[in-house]
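**Student:** Sharing a structure with you now.
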Amino acid sequence: VQDNNVAEFVEVREGTIRSVESKYDLITANLTAGLLEYISRDLVNSLADGGTLIVSGIMEDDRDGVLEAFTESSLSLSDELSEGEWVALSLTTNN
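All letters in the sequence shown, in the order written, are residues 5 to 99 by this note's numbering.
Written out as structure tokens, the structure is:
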């Protein structure tokens, strides 16, 4: 954050998603597919209306399960990036 001169715009916190009480316009999560699916509702609940969630660290074979976990929780796929066997998904709220 400091190296990119965005400290005045970005707040970095350490903790779990369940310890978050605020809503955020942007959330990024580079985690395994199983963990993303497990905390999908917590991530969605921490996302502000009109917000974007970017999830990565997903193996191509796990893509559909992760996407389903988030679309069942009211998000829509807005973009996708693949590199080799890795996938990243950008999802937005349906509000």
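Cβ coordinates follow ideal geometry from the N, Cα and C atoms, glycine included.
Less than 8 Å between the beta carbons of N98 and S82, yes or no?
**Tutor:** Contact: no.
**Student:** Where do the N-terminal and C-terminal ends of the beta strand (DSSP E) with L85 fall, by residue?
**Tutor:** Segment 79-87, the beta strand (DSSP E) holding L85.
**Student:** Note down, one range per segment and in chain order, each beta strand (DSSP E) of at least 3 residues found wholly within the region 39-74.
**Tutor:** Qualifying beta strand (DSSP E) stretches, in chain order: 51-63.
**Student:** With a threshold of 6 Å on Cβ separation, who are the neighbours of A11 within its own chain once the five nearest residues in sequence on each side are excluded?
**Tutor:** Result list for A11: V5, in chain order.
**Student:** Is it true that the CB of R67 sits closer than 8 Å to the CB of V48?
**Tutor:** Not a contact, by the Cβ cut-off of 8 Å.
**Student:** Which residue from V59, A52, T75 puts its Cα closest to that of L40?
**Tutor:** The shortest C-alpha separation from L40 is found at V59.
**Student:** Could you tell me the alpha carbon to alpha carbon distance between A73 and N9, rounded to whole angstroms?
**Tutor:** About 35 Å.
**Student:** Report the option in V70, G19, V16, M63 whose CA atom is closest to the CA atom of Y42.
**Tutor:** If we check each option's Cα against that of Y42, V70 comes out closest.
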